[in-house]
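Chemist: Numbering (the working numbering), first residue to last: -8 to 402. No residue lacks a Cβ here, since even glycine has one placed at the ideal position from N, Cα and C. One structure coming up, written as structure tokens, with questions to follow.
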């Protein structure tokens, strides 16, 4: 095997940016992802072993009979390299594990959207001093809201509607506004949600009653359709990089009355009810029979960036002119010239099989150096094999020919 180093102009690094479509349908406590049905197998009712609407990142443990064939899982042995999972870092890694312990993870690694309704986002639990009995504000009732406050204010340069409190128009304070927070994990959208691609649709009994779009590409979710009118009001904002949709629109979308939150109160559909049933505990059992009339659609373009190497492997004239195939020698020759307890010598006069094709019948063409290229291995500087490029049809290379092979490698 001959190793050749890539030249300075033989390696190109490109960034491939793609925008795959992502679509969700939320209906009656069920979430459907990209219209994908639930697939059953020979041993499992759900071959991916993930909940509805979830995406399995690696798609390991497909249709396993767990009683006989347990799930595979990632593991790291604690040693001097100090490698660890993120979930077992810092103090816990040093104090809870000794050298030789096996730290394990679990598959499948999945992600799903969910929704959280916050009736009073700024609310805190009331604590009581055990000595004086004095009351004080303790932990946040909705910690996710407090985690997002700084980020919302940060994006205020894009739109005033991001800010937690503002005097724009009639003014608002998100601490006291009802909010519907839809969370989309990064596994679903890659590096970010593409600006201008988000659409939220509200259906009642299968009929579209309202739609929001980030048509201004500044994060504002503008109402572009409502039954009987098109108001252009802003009903919320989207955090493109973080994958959060914050909805605050509290006006009625239509005149229908239905039960949309746990507790079963009859109300008009509002944007703060959007996404009800997406793993938030809202079902027909907790809300009421009319909840089945509501359905919600979420559609956007994900943005994914893949680093791609374009490699040019050159087989120059006068090079790559011998084979690694052990059958390249003419059959019937003695390979070992001398062997004893102290000497091993191979035959230095071995002849190479001549397979140069001749166009004439019963005539052997003169011997020429030539080889057949079928695969190209790619190695790093330490000679670790990174990949193998296999040609669809093996290529015959003569000594007087130049060839360049274009190879692409995703990293």
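Anyone know if the C-beta pair for residue 394 and residue 306 falls short of 7 Å?
Modeler: Yes, they are a contact pair.
Chemist: Could you tell me the boundaries of the beta strand (DSSP E) in which residue 388 lies?
Modeler: Residue 388 -> beta strand (DSSP E) spans 376 to 389.
Chemist: Count Cβ pairs between the stretch 92 to 105 and the stretch 242 to 250 that sit closer than 8 Å; are there 3 or more?
Modeler: No: the two stretches stay apart, fewer than three of their Cβ pairs being nearer than 8 Å.
Chemist: Specify the secondary structure class of residue 101 as computed by DSSP and reduced to three states.
Modeler: Reduced to three states, the DSSP call for residue 101 is strand.
Chemist: Output the boundary residues of the alpha helix (DSSP H) element that contains residue 407.
Modeler: The displayed coordinates of the chain run from -8 to 402. Any statement about residue 407 would go beyond what the structure contains.
Chemist: Ordered along the chain, which non-local residues of its own chain (more than five positions away) have a Cβ less than 6 Å from that of residue 293?
Modeler: Closer than 6 Å at Cβ, skipping near neighbours: 11, 13, 180 and 181.
Chemist: Only counting the same chain, and skipping five residues up and downstream in sequence, which positions put a Cβ closer than 8 Å to that of residue 223?
Modeler: So the list reads 213, 214 and 215, once near-sequence residues are dropped.
Chemist: With burial defined as no fewer than 16 other Cβ atoms inside 10 Å of the residue's Cβ, what is the status of residue 165: buried or exposed?
Modeler: Buried, by the Cβ-count rule.
Chemist: Short check: CB of residue 107 to CB of residue 172, under 7 Å?
Modeler: Cβ distance < 7 Å, so residue 107 and residue 172 count as in contact.
Chemist: How should residue 220 be labelled, buried or exposed, when 16 other C-beta atoms within 10 angstroms of its C-beta is the threshold for buried?
Modeler: By the 10 Å Cβ count, residue 220 comes out exposed.
Chemist: Cα separation between residue 290 and residue 124?
Modeler: One C-alpha to the other measures close to 51 Å.
Chemist: Where does residue 318 sit, in a helix, a strand or coil, going by DSSP?
Modeler: In the structure shown, residue 318 sits in a helix (DSSP, three-state: H, G or I).
Chemist: Looking only at its chain, what residues have a beta carbon closer than 8 Å to the beta carbon of residue 399, apart from the 5 residues adjacent to it on each side?
Modeler: If we look at residue 399 and ignore the five residues flanking it on each side, its Cβ neighbours are 299, 300, 301 and 302.
Chemist: Count the other CB atoms, across all protein chains shown, that sit within 10 Å of the CB of residue 211; report buried if there are 16 or more and exposed otherwise.
Modeler: Answer is buried; the Cβ neighbour count reaches 16.
Chemist: Using the DSSP secondary-structure output, state which residues sit across from residue 32 in a beta bridge.
Modeler: Looking at the DSSP assignment, residue 32 forms no beta bridge with any residue, so it has no partner.
Chemist: Look at residue 54 and residue 35 and say whether their C-beta atoms are less than 7 Å apart.
Modeler: Going by C-beta atoms, residue 54 is nearer than 7 Å to residue 35.
Chemist: What's the gap between the Cα of residue 140 and the Cα of residue 155?
Modeler: C-alpha separation (whole angstroms): 7 Å.
Chemist: In the DSSP assignment, find the alpha helix (DSSP H) that holds residue 180 and state where it starts and stops.
Modeler: Per DSSP, residue 180 belongs to the alpha helix (DSSP H) from 177 to 180.
Chemist: Shorter than 7 Å from the beta carbon of residue 186 to some beta carbon of chain D?
Modeler: The question asks about chain D, but that chain is absent: this structure has only one protein chain.
Chemist: With burial defined as no fewer than 16 other Cβ atoms inside 10 Å of the residue's Cβ, what is the status of residue 15: buried or exposed?
Modeler: Classification of residue 15: buried, given that the 10 Å Cβ count is 16 or more.
Chemist: Count Cβ pairs between the stretch 349 to 367 and the stretch 379 to 392 that sit closer than 8 Å; are there 3 or more?
Modeler: The answer is yes - the stretch 379 to 392 touches the stretch 349 to 367, with three or more Cβ pairs under 8 Å.
Chemist: Using DSSP bridges, identify the partner residues of residue 403.
Modeler: Nothing can be reported for residue 403: it is not among the residues displayed for the chain, which extend from -8 to 402.
Chemist: Which of helix, strand or coil does DSSP assign to residue 283?
Modeler: Reduced to three states, the DSSP call for residue 283 is helix.
Chemist: Would you grab the beta carbon distance between residue 170 and residue 263 for me? Rounded to a whole angstrom, and I think it's under 8 Å.
Modeler: Residue 170 to residue 263, Cβ: 7 Å. Contact.
Chemist: Starting from the Cα of residue 18, find the closest Cα among -4, 328, 193 and 69 and give me that residue.
Modeler: Checking every option, the nearest Cα to that of residue 18 belongs to 193.
Chemist: I need the boundaries of the beta strand (DSSP E) containing residue 277, first residue and last residue.
Modeler: From DSSP, residue 277 is part of no beta strand (DSSP E); its letter is neither H nor E.
Chemist: Give the DSSP bridge partners of residue 198, in chain order.
Modeler: Note: residue 198 sits in a beta bridge opposite 195.
Chemist: Mapping the DSSP letters down to three states, classify residue 151 as helix, strand or coil.
Modeler: Three-state result, residue 151: helix.
Chemist: Can you tell me which of 397, 375, 374 and 371 puts its alpha carbon nearest to the alpha carbon of residue 381?
Modeler: Among 397, 375, 374 and 371, the Cα nearest to that of residue 381 belongs to 397.
Chemist: I'd like to confirm the pairing. Which residues does DSSP put opposite residue 366 in its beta bridges?
Modeler: 381.
Chemist: Could you tell me which of -6, 377 and 269 sits nearest to residue 42, measuring between CA atoms?
Modeler: Comparing Cα-Cα distances from residue 42 to each of -6, 377 and 269, the minimum goes to 269.
Chemist: In the DSSP assignment, find the beta strand (DSSP E) that holds residue 252 and state where it starts and stops.
Modeler: Run containing residue 252: none; DSSP gives neither H nor E here.
Chemist: Look at the alpha carbon of residue 44 and the alpha carbon of residue 58, and state the distance between them as a whole number of angstroms.
Modeler: Their Cα atoms are separated by approximately 26 Å.
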